[in-house]
Amino acid sequence: DRAVVADLPQGPIVVQLGRRWTEAGSTTESCLQLFRELRALGRPLVATYGEDAAALGETVARAGVADAVRGNLPFHVWAAVFERAACVVTIDTGATHVASAVRVPTVVLFEHKWFRLASQEWSPYRVPNAVLRKPPDESERSLRASRAELVAAVAKLVPSTSSG
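For the sequence shown, position 81 matches number 639 in our numbering, and the numbering has no gaps at all.
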């Protein structure tokens, strides 16, 4: 419901947290750093999460890297958060499809191992999007490159507000 999310900033970058942001080609610290790097785009940052990422959601909230953190939302509220977004950034979760349904540009990061299948079967549809592949390992070099790719993809999809 739109009234329930009226307190959230308009036009944020929404990052849908999921368990896979912390494993197999990603780490909790890299996820936190992604928020810091997205901040350079000048838009508010909102994190959403479900049960599988409650611990990560709490970590993001404690770190203060997002302007708002909302978890375990009823479906209609979750969709309303996405509807306010300038862009949704997600690991391969149902968020990809919800963002598409509310017609929001989407950046999705698919598992390295299953990229070919997943990117063909479950990519965002009928919205501007970027489909990216998680790195094959968790080396600092790989994680830094992945974050740079994510931020660049968001920057292409969403006008920056950093200049004013």
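Beta carbons: idealized from backbone N, C-alpha and C, even for Gly.
No experiment lies behind these values; they were computed from the predicted model shown.
Practice problem: Take phenylalanine 673 and list the residues in its own chain whose beta-carbon comes closer than 7 Å to its own, dropping the five residues that flank it on each side. | Solution: Within the sequence shown, residue 673 is the residue found at index 115, counting from 1. At phenylalanine 673 the pLDDT is 48, less than 50, meaning the model places this residue with poor confidence; the figure from the coordinates comes in the next sentence. Excluding sequence neighbours, phenylalanine 673 sits near Arg691.
Quiz item: By Cβ distance below 7 Å, which residues in the same chain neighbour valine 712 in space, the five residues on each side in sequence not counted?
Solution: Counted from its first residue, the sequence shown places residue 712 at position 154. Same-chain partners within the cutoff: Ile571, Leu596, Leu599, Cys645, Val647 and Val665.
Practice problem: Could you pull the start and end residues of the beta strand (DSSP E) that valine 573 belongs to? | Solution: By 1-based counting over the sequence shown, the position of residue 573 is 15. Residues 571-575.
Self-check item: Extent of the continuous alpha helix (DSSP H) run through threonine 745
Solution: The question about residue 745 has no answer, for the chain in this structure spans 559 to 722.
Practice problem: Would you kindly report the start and end of the unbroken beta strand (DSSP E) that includes threonine 648? | Solution: Here residue 648 is taken as the residue at index 90 of the sequence shown, counted from 1. Where threonine 648 is concerned, the enclosing beta strand (DSSP E) stretches over 645-649.
Quiz item: From leucine 603 to alanine 624, what distance separates their C-alpha atoms?
Solution: Here residue 603 is taken as the residue at index 45 of the sequence shown, counted from 1. Here residue 624 is taken as the residue at index 66 of the sequence shown, counted from 1. Leucine 603 and alanine 624: Cα-Cα distance of roughly 5 Å.
Quiz prompt | threonine 664, enclosing beta strand (DSSP E) - first and last residue | solution = Here residue 664 corresponds to residue number 106 of the sequence shown, with the count starting at 1. That run of the beta strand (DSSP E) goes 664-668.
Quiz item: Which of helix, strand or coil does DSSP assign to tryptophan 680?
Solution: The residue you call residue 680 lines up with position 122 of the sequence shown. Residue placement at tryptophan 680 cannot be trusted, given a pLDDT of 49 that sits under 50; the coordinates are not used to answer.
Quiz item: So, helix, strand or coil for arginine 564, using DSSP?
Solution: Position 6 of the sequence shown, counted from the first residue, corresponds to residue 564. Strictly speaking, residue 564 in this sequence is alanine, with arginine absent from that position. DSSP places alanine 564 in the coil class of the three-state scheme, outside both helix and strand.
Quiz item: Nearest to proline 694 by CA position, among Leu566, Asp565, Ser584 and Arg578, is which residue?
Solution: As a working mapping, residue 694 is identified with position 136 in the sequence shown. When each option's Cα is compared against that of proline 694, the closest is Ser584.
Quiz item: Would you report the Cα separation of glutamine 574 and phenylalanine 633, rounded to the nearest angstrom?
Solution: Position 16 of the sequence shown, counted from the start, is the residue given in the question as residue 574. Position 75 of the sequence shown, counted from the start, is the residue given in the question as residue 633. Near 13 Å, if we compare the C-alpha coordinates of phenylalanine 633 and glutamine 574.
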